[in-house]
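Engineer: Each residue of the sequence shown is one higher than the last, beginning at 1 in UniProt numbering. The beta carbon of each residue, even a glycine, is placed where N, CA and C say it ideally should be. Got a structure for you, questions after.
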Amino acid sequence: METARCLVRAAPAVQPTLSLLTRNGLLLSGLCADLVAHLPLTQEQWQSIPAPCPDLARALPAVQDRSAAEAGWLVGRLAEDQRALLQTATLSLGRAQQQGQRSMPAELMQRILALCLLDS
1 METARCLVRA APAVQPTLSL LTRNGLLLSG LCADLVAHLP LTQEQWQSIP
51 APCPDLARAL PAVQDRSAAE AGWLVGRLAE DQRALLQTAT LSLGRAQQQG
101 QRSMPAELMQ RILALCLLDS
């Protein structure tokens, strides 16, 4: 499996790699998160990723760094309990900001939310 991970991380293009993983039933094996963490996907390519795909959570920090739109598409592919966790964490952070009357940088909030998923 580690060899496959290295190959996915070194993949030069998304579509052939995505097609190969889909054909061989490997999208849910953990390789999907490696692929989306290292290569940008179009909205159409995101739609070919099975949902729910809970393993995608570990790719969220890398995808957030690359694109807010892609991060949204990734969240749409997470398991329902993971999305609920993100929603709860988002509401909690918002409330903490209101009570503290301090604004937190968006990048910091995104990082905190991504870290919430790593333990889920």
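Taking a contact to mean a Cβ-Cβ separation below 8 angstroms, would you say T90 touches L113 in this structure?
Structural biologist: yes
Engineer: On a Cα-Cα basis, can you pick out the residue from G94, G76, S19, A69 that is closest to A51?
Structural biologist: G76
Engineer: Do L74 and L117 have their CB atoms nearer than 8 angstroms?
Structural biologist: no
Engineer: Spatial neighbours of L60 within its chain, please: CB distance less than 7 angstroms, with the 5 preceding and 5 following residues excluded, ordered by chain position.
Structural biologist: A71, L74, A114, L117
Engineer: Need the endpoints of the alpha helix (DSSP H) that S67 sits in, please.
Structural biologist: Premise fails: S67 is in no alpha helix (DSSP H) and is neither H nor E.
Engineer: Does the Cβ of Q98 have 16 or more other Cβ atoms within 10 Å, making it buried, or fewer, making it exposed?
Structural biologist: exposed
Engineer: How would you call Q64, buried or exposed, if buried means at least 16 neighbouring beta carbons within 10 angstroms?
Structural biologist: buried
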